[in-house]
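Note that our numbering has the sequence shown beginning at 11, numbered continuously upward.
Glycine included, every Cβ here is placed at the ideal spot set by N, Cα and C.
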Amino acid sequence: MRVVTTRVDEKDARDLAEVERVEKVERAEAVRKLLARGLRDWKIEFALKKLRKREVSIAKAAEIAGVSFS
């Protein structure tokens with residue numbers, strides 16, 4: 011596993027603390043979960059953008075998004 015360091019503003023830090031409290035997890039786990047969700051959403055949006063521009067097929071868009079073709 012790689013280590014990634016970043017700075018966040020105060021509002022994001024407070025929101026992250028809220029996630030930690032509600033989910034009852036440590037900061038690293040909360041950040042990993044949120045990052046995974048964000049990356050999944052980004053992949054879907056990226057695949058849809060390419061599909062709308064007709065740059066990829068539906069099958070390729072599904073592959074980019076990491077979802078099943080069916």
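| Query | Result |
| --- | --- |
| Inter-residue spacing [alpha-carbon to alpha-carbon] between residue 76 and residue 50 | 8 Å |
| Alpha carbon of residue 15 to alpha carbon of residue 41, nearest angstrom | 11 Å |
| Integer Cβ distance of residue 78 from residue 72, believed to fall under 8 Å | 7 Å |
| Residue 37 beta carbon less than 8 Å from that of residue 30 | yes |
| For residue 60 and residue 74, believed in contact at Cβ under 8 Å, the rounded distance | 7 Å |
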